[in-house]
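Undergrad: A single structure is presented below for examination.
In my numbering, the protein residues as written are 193 to 806.
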């Protein structure tokens, strides 16, 4: 599910986006479900809300008593003012309690929702994040949840308070002046119909506005993450223009929503207070005729004002609820996404102790984005425990796809992949990955200290074990030289370390995990000679006693393998050792010759440079 691509496709086709068929606040059920986990807090908030609403509705009666009885003289005038003061005290205490409980509930619901979405996202396979922008997902986790928090802690409370006030006030108005109240009821349809019509428009624009904000967030993350490339190609002005256009699109959509809500608010206020004006005119006639008292008309006017304010506020609340419904719908889309890789209902247990045997049998795999092109076609390969296999071949031959299948990030469309005799689709993905350690070509480090990054695959490891892994990875020396040793913050993605140091931390992490299967995506291809020597030495230590698959580009790595598997267009075209394959004159020989020529050229160029420098 790619929300942005899907939205653009649907807009281009002129169809209604999926999930938008219901033009209501139904997505808010996600918020209600989260709030139901805290019944006592909800009950306390509702109790405080009822108390404040009752106190608010008691104010008109207080004014009625003061006018009709207090202003007539006598020693009881202070009694009625005390009554009104008592109402104000109750209102103040109830409001404070209501604010505390609903604010706490809003923060708690959003925190739980973020945790729930995060937990769900961590179960999604890597393919999900290739199809959905991480920047847009982050926007949903921050901007959209902020809207939901505001809704729970403020909007819902205001909505309930105004509903109670409107209902209670309407009842009290009928008690005070039934005739005037009937006139008021006749004006209600003129208020409700514009709310319903404009409300649907506001909801659509709110959803579009949030989507545009997500686009801005995704673009920001993308550009900031590629800043070196942007500046290296002098594309700053282009990215400024692209970002400005995205922001302007977001602003234009928000401006449309604001205009619609402004028109809605203006129309409703005009209708409500226009009706109140007419009622006051009618009431003045009744007072002049002696049909009702001055206190009654004062209480009626105050009550009408409260009811009108409640209805007027409900128009704002309705708009906010529609916006929150859009945010909740976007969060619901993440929660509704189902992982394509999931454990079976009754997963088959992997044998213990692990051996590390891997078998591909007649595997065919196609990526969803390229259904007409097979990344692997009838691929078969058996790897014995402890064997080191080098996978070589041109770009697009299917090398990386093998790693995706072994770690069960993806499942083949045909054939089977087995570890220790168990077909991976019948096993729990977590159990499979527990037996695998991965060292990618570009090391992935977290913005934390060195200890956290090395300990990532074995969180319970002691410092002694961490240092032992670092020593085996040739990382101990530079780690001890860091200002705080293992506790040194290494920056975003390990930015405070060199490329070779980052790779050695990744290798230390794999050593500490101590898994029987090792996947190496040519971890030395982007390093200088000295760093490569240190990293290769660490890798040699890491591969000892483990089943190792290496995506290899350099001859030094290939020569150390027990077997070399040459792939082309998703198939095995050659298998053997370096000498045998070189003598065969096939694809491997051509690849090796090209690399040898490049290496000889680089060496000659380096020698010429050294002579020129001397």
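For glycine and all other residues, C-beta sits at the position ideal for the given N, C-alpha and C.
(1) What whole-angstrom Cβ distance do residue 403 and residue 438 have, given they're in contact under 8 Å?
(2) So residue 354 is in the alpha helix (DSSP H); what residue range does that whole segment cover?
(3) With a Cβ-Cβ cutoff of 8 Å, do residue 356 and residue 505 count as a contact?
(4) In chain order, which continuous runs of the beta strand (DSSP E) of length 3 or greater are located wholly inside the segment 616-704?
(5) Should residue 458 be labelled buried (16 or more other beta-carbon atoms within 10 Å of its own) or exposed?
(6) Give me the Cα-Cα distance between residue 660 and residue 730, rounded to the nearest whole angstrom.
(7) For residue 766, does the three-state DSSP call read helix, strand or coil?
(8) Is it true that the CB of residue 532 sits closer than 8 Å to the CB of residue 317?
(9) Cutting at 7 Å between CB atoms, please list the residues of its own chain near residue 574, excluding the five before and the five after it.
(10) Cβ atoms of residue 712 and residue 740: under 8 Å apart, would you say?
(11) Using alpha carbons as the reference points, say which of 493, 580, 434 lies closest to residue 744.
(12) Could you tell me the alpha carbon to alpha carbon distance between residue 247 and residue 282, rounded to whole angstroms?
(13) Where does residue 565 fall in DSSP's three states?
(14) Give me, in chain order, the residues of the same chain whose beta-carbon lies closer than 7 Å to that of residue 449; leave out the 5 immediate sequence neighbours on both sides.
(15) So, with DSSP's three-state summary, where would you put residue 410?
(16) Sort 460, 768, 762, 301 by Cα distance to residue 752 and report the nearest one.
(17) Considering only residues of the same chain and omitting the five flanking positions on each side of residue 293, which have a CB-CB separation below 7 Å?
(18) Give a yes or no on contact between the segment 688-703 and the segment 631-641, applying the rule of three or more CB pairs nearer than 8 Å.
(19) Could you tell me whether the Cβ atoms of residue 313 and residue 339 are closer together than 8 Å?
(20) On the DSSP bridge assignment, give the partners of residue 439 in chain order.
(21) Just tell me which of 418, 390, 444 has its CA closest to the CA of residue 456.
(22) Would you say the segment 247-258 touches the segment 549-567, given that touching needs at least three Cβ pairs under 8 Å?
(23) What does the Cβ neighbour count give for residue 310, buried or exposed, with the cut at 16 atoms within 10 Å?
(24) According to DSSP, what are the bridge partners of residue 552?
(25) Is DSSP giving residue 303 helix, strand or coil here?
(26) Measuring CB atoms only, is the segment 336-351 touching the segment 483-496, in the sense that at least three cross pairs come out at less than 8 Å?
(27) Any beta carbon of chain B sitting closer than 8 Å to that of residue 779?
(28) Using only the alpha-carbon positions, how far apart do residue 215 and residue 295 sit?
(29) Residue 649 and residue 701 look like a contact to me (Cβ under 8 Å); what is the Cβ gap, rounded to whole Å?
(30) Short of 6 Å in beta carbon distance, which residues of its chain neighbour residue 813, apart from the five on each side in sequence? Order them along the chain.
(31) Determine the DSSP secondary structure at residue 759, reduced to helix, strand or coil.
(32) Could you tell me which residues DSSP puts in a beta bridge with residue 742?
(33) Can you tell me the Cα-Cα spacing of residue 522 and residue 420, whole angstroms?
(34) Enumerate in chain order the residues of its own chain whose CB-to-CB distance from residue 422 is below 7 Å, with the five nearest sequence positions on each side excluded.
(35) Between residue 653 and residue 647, is the Cβ-Cβ spacing less than 8 Å?
(36) Distance, Cα to Cα, residue 213 vs residue 512?
TA: Answer, in terms of the structure:
(1) Not a contact, Cβ separation roughly 11 Å.
(2) 348-368
(3) Cβ distance not < 8 Å, so residue 356 and residue 505 don't count as in contact.
(4) 628-631
(5) So residue 458 counts as exposed.
(6) 12 Å
(7) strand
(8) yes
(9) 551
(10) yes
(11) With distances taken between Cα atoms, residue 744 lies closest to 580.
(12) Distance between the alpha carbons of residue 247 and residue 282 is about 7 Å.
(13) coil
(14) Hits under 7 Å: 394, 397, 398, 401.
(15) helix
(16) 768
(17) 233, 236, 237, 240
(18) A contact exists between the segment 688-703 and the segment 631-641.
(19) no
(20) BP columns for residue 439 are empty, so no partner.
(21) When each option's Cα is compared against that of residue 456, the closest is 390.
(22) Taking a contact to require three or more Cβ pairs closer than 8 Å, the segment 247-258 and the segment 549-567 do not qualify as touching.
(23) That one is exposed.
(24) 573, 609
(25) It is helical.
(26) no
(27) In summary, chain B is missing from the structure at hand, where a single protein chain is found.
(28) Caution is warranted here: a pLDDT of 42 is assigned to residue 215, below 50, making its placement in the model unreliable, and the coordinate value is therefore given only provisionally. Using only the alpha carbons, I get a separation of about 28 Å.
(29) 5 Å
(30) Residue 813 is absent from the model: the chain starts at 193 and stops at 806.
(31) strand
(32) Note: residue 742 sits in a beta bridge opposite 582, 712.
(33) 32 Å
(34) Counting only Cβ-Cβ distances below 7 Å, and skipping sequence neighbours, we find 415, 428, 431.
(35) Taking 8 Å as the Cβ cut-off, residue 653 and residue 647 qualify as a contacting pair.
(36) Confidence is the limiting factor: at residue 213 the pLDDT is only 33, short of 50, which leaves the residue's position unreliable and the question unanswerable from this model.
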